[in-house]
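Below is one structure, written out as structure tokens, with a few remarks after it.
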Amino acid sequence: MVGITAYKEDQQSREKARHLQGIVQANLVNFVAPALIKAEHQAAMLKVTQHSLADVQNVAVLLAPLFSYKKNGRYNEEKAVLQRVSMTGAQMDRVFSLIFNDKLDDRDDRPLVYPGHLLTSPSVDLQASGSFLWKKAALFRRSRTNEANQLSGKDMIIMEQVGESVLPGSTSVEMATTVKGAMKWAQIGADAAMKLLHALLESRFVHQ
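All letters in the sequence shown, in the order written, are residues 294 to 501 by the working numbering.
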């Protein structure tokens, strides 16, 4: 909570400057694999997003849950996350798809389409026509990205848990250097991230 309070104070101190300079925020909220994110960290992520969307010109890109360790668990994961998002008051009816061009390995069970929601301030619909900054952005108009390259497992980052009491996940060298499960699904890769960013900026900023 200390970090959230510091963030709020920093944002408030810069609010007037942002409006004068035309600076806006676009947040990426990755909930593809909720099992990787502790409950208190999920709450902090949504709190920061809620505070950001208090500015009608800010936007958040939410990648919806796709992975669950429980059989048929994706629905419950998605329902739980979307319920928490709805409690922030954000406008979340706009959806989009992050699209990958092909699988690097036919045995890979990651889908080629990652669904998401475009989160905006609840006050957006009350704005005068054309005044919403992101209205002409390609991601809002087309509801999809251009096709991205799927990230190979060998290029992924292995997230480590540190601490004196933390035991290694495996004594096998091969297992210790293999990214799989939730960690594999959650890493979309640099190319996909750039496709998302470009879809937000295309038409609205790049070509003006």
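A virtual CB, placed ideally from N, CA and C, is assigned to each residue, including glycine.
A quick note: this is a predicted structure, and the numbers were derived from the prediction, not measured.
Query	Result
Report buried or exposed for residue 376, applying the criterion of at least 16 other Cβ atoms within 10 angstroms of its Cβ.	exposed
Can you find the residues in the same chain that come closer than 8 angstroms, C-beta to C-beta, to residue 334, ignoring five residues on each side of it along the sequence?	none
What number of angstroms, rounded off, separates the C-alpha of residue 373 from the C-alpha of residue 387?	18 angstroms
Evaluate contact between the stretch 344-359 and the stretch 418-427, counting only Cβ atoms and requiring at least three cross-stretch pairs below 8 angstroms.	yes
Need the endpoints of the beta strand (DSSP E) that residue 385 sits in, please.	384-392
Would you kindly check if the distance between the Cβ of residue 355 and the Cβ of residue 325 is under 8 angstroms?	no
Do residue 443 and residue 382 have their beta-carbon atoms positioned less than 8 angstroms apart in this structure?	no
Straight-line CA distance for residue 431 to residue 367?	28 angstroms
Which of helix, strand or coil does DSSP assign to residue 359?	coil
Leaving aside the five residues before and after residue 358 along the sequence, list all residues of the same chain whose C-beta is less than 7 angstroms from its C-beta, in chain order.	324, 325, 327, 367, 370, 371 and 374
For residue 351, name the three-state secondary structure that DSSP assigns.	coil
State the Cα-Cα distance for the pair residue 385 and residue 489, rounded to the nearest angstrom.	17 angstroms
Could you check what DSSP says for residue 437 in three-state terms: helix, strand or coil?	strand
Give me the Cα-Cα distance between residue 317 and residue 399, rounded to the nearest whole angstrom.	41 angstroms
Mind checking who residue 369 pairs with in its DSSP beta bridge?	Per DSSP, none; premise fails for residue 369.
With DSSP run on the structure shown, which of helix, strand or coil describes residue 325?	coil
Would you give the residue range spanned by the beta strand (DSSP E) that residue 413 belongs to?	406-413
Cα-Cα, which of 439, 436, 379 and 471 is closest to residue 415?	379
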